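Have a look at the structure below before the remarks.
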Amino acid sequence: MTLQAWTLIAVFVSAFGLTFGISLWLTRDQALGQRIGQLHESVRTVTRTDKERQGWQVTAAKIAAPIARLSTPKEGWDASNLRVRFMHAGLRASGWPPAYFATKTLLALILPGLLVVFGRGGVPSMTLSTELFPLLLLACVGYYLPNALLSLVVRSRQRELRDALPDAVDLMTVCVEAGLGLDAALFRASEEMSLRSAVLADELNLMMLELRIGSTRERALQNLALRTGVDEIATFVTTLLQSEHFGTNVAQSLRVLAETMRNGRRLRAEEDAAKIPLKLLFPLIFFIFPSLLLVLMGPAVMSISRTLIPTLSGGR
């Protein structure tokens, strides 16, 4: 290419760049305004959603508070075992305890009331002495049913944490061996584990928030073990604290811990698989075998009855 062609290309590029730069400079306020508007709109949407959720929770808590006073313990709630179980279940909102105690009170009153209303209509001969035991039984069932549901939620959540922890430890091991610090590895694991287990990611995010506001690593890890109530997480916390205290290789400790946890997860899966035949035994005996016996023996019994009964009748 000649010098004249290169000159024309340079003039064209300069003119285009100057025009493009001037247009961006002139429209910078408009673009910035659109971006700020989008951010404000997203913030308003999130704030509106949070306000609606908080408004609903506040309203429900106000309605349930008078009823919940009937079964709420007067003293020692902050240090009670039930409050720890709420943390284990992930129920951290302030409206959950009033709703829980209100549910206990309502069920303890409603279930016996339903028996009184509908039981006497179906069985007029029932007296107060014969109704006393069913009323007490239904009141106990209604009072302790929320406890059973809370225990079910706690077991399900702890099982999910226990099964997802080996993957998080493997991820932290890879991050530490790649050169990241322990805090950076924990932060990375809290981000990536949302795809595997939202519950574990939420707990790790809470731990990272404690570290960001100035809490020590030891206190944040101990709070993580206290919130979850999982033995494997307590072992994980102990391993990290001992590695930091004695100056051992964190990556090697995490690798050994992850292998141990994976073996435990495999053993739990094998144990659940071994329980399947026993769990299938009762449905087989009470549901499948009678139906199968009816299908197999029904025609034979009908044929025998059609042949044998007339014969016996004729013989008489």
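One rule links them: number in the numbering used here = place in the sequence shown (from 1) + 819.
For every residue, glycine included, the Cβ atom is placed at its ideal position computed from N, Cα and C.
If you're wondering where the values come from, they're calculated on a predicted model, not measured in any experiment.
Using 10 angstroms around the beta-carbon of PRO917, count the other beta-carbons present and answer buried if the total reaches 16, otherwise exposed. So PRO917 ends up on the buried side.
Beta-carbon gap between ALA1003 and SER1013 smaller than 8 Å: no
Give the straight-line distance between the Cα atoms of ALA1065 and ALA1088, rounded to the nearest whole angstrom. For the sequence presented, residue 1065 should be read as Phe rather than Ala. Our two residues, PHE1065 and ALA1088, have alpha carbons roughly 35 Å apart in a direct line.
THR922 burial status per 10 Å Cβ neighbour count (16 or more: buried): buried
Could you tell me if ARG981 is buried or exposed, where buried requires 16 or more neighbouring beta carbons within 10 angstroms of its beta carbon? Per the 10 Å Cβ criterion, buried.
Is the Cβ-Cβ distance between ARG1015 and ALA1044 less than 8 Å? no
Pop quiz: GLY961 and LEU934 are said to be a contact at Cβ under 8 Å. What is the actual Cβ separation, rounded to whole angstroms? That pair is no contact at about 11 Å.
Over the uninterrupted alpha helix (DSSP H) stretch that includes PHE937, give me the two end residues. Looking at the DSSP string, PHE937 is not in any alpha helix (DSSP H), and its letter there is neither H nor E.
Candidates LEU910, ALA958 and GLY909, of which the one nearest GLY932 by Cα: ALA958
Taking all protein chains shown into account, do 16 or more other C-beta atoms lie within 10 angstroms of the C-beta of LEU1100, making it buried, or fewer, making it exposed? Counting of Cβ neighbours within 10 angstroms places LEU1100 among the exposed residues, the total staying below 16.
Which residue wins for smallest C-alpha separation from VAL1049, given the options LEU901, PRO953, ILE1032 and ALA908? ALA908
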